[in-house]
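Numbering (this note's numbering), first residue to last: 741 to 856.
Every residue, glycine too, gets a C-beta built ideally from N, C-alpha and C.
The block underneath contains the structure these notes are about, expressed in structure tokens.
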């Protein structure tokens, strides 16, 4: 999955509850800097995320799917609260990827360990 596509997905995840928290905005800004996301790409991703027909684009290959899920988890935890819309969207994405509960729990543990 291209970094811009991943970023667009993460922007959709951040916008799903109708508000961007400071923690989410800081994380999105960090990804822009790390991944070389240009201002116009940021604006396009934001417009997409805020549009009524915004949707996630699930990666096809397993390594990209794992990266996608881990980054979603990081973003969801950025503000210290998991909203119901975020949890629902994440659950749908995980179900589409067909990840097992055991594997998902392992990913959550890995993300939590990397944040400490």
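Inset, instruction - Give every residue of the same chain whose Cβ lies closer than 7 Å to the Cβ of residue 823, excluding the five residues on either side of it in the sequence, and list them in chain order. - result: As a first step, residue 823 is located in the chain shown; it is residue number 83 there, counting from the start. If we look at residue 823 and ignore the five residues flanking it on each side, its Cβ neighbours are 757.
Inset, instruction - Would you tell me roughly how many angstroms separate the C-alpha atoms of residue 747 and residue 778, rounded to the nearest one? - result: The residue labelled residue 747 in the question sits at position 7 within the chain shown. The residue labelled residue 778 in the question sits at position 38 within the chain shown. Spanning the two alpha carbons is a distance of roughly 11 Å.
Legend entry - Proximal residues to residue 790 (C-beta, below 8 Å), its chain only, five neighbours per side dropped: Numbered from its first residue, the chain shown carries residue 790 at position 50. Result list for residue 790: 755, in chain order.
Inset, instruction - Return the Cβ separation of residue 782 and residue 772 in integer angstroms, given the expectation that the two are a contact with Cβ distance under 8 Å. - result: The residue labelled residue 782 in the question sits at position 42 within the chain shown. The residue labelled residue 772 in the question sits at position 32 within the chain shown. Contact flag correct, Cβ pair sits at about 6 Å.
Inset, instruction - Return the first residue and the last residue of the alpha helix (DSSP H) that residue 749 is part of. - result: Here the question's residue 749 lines up with position 9 in the chain shown. First-last of the alpha helix (DSSP H) with residue 749: 743-755.
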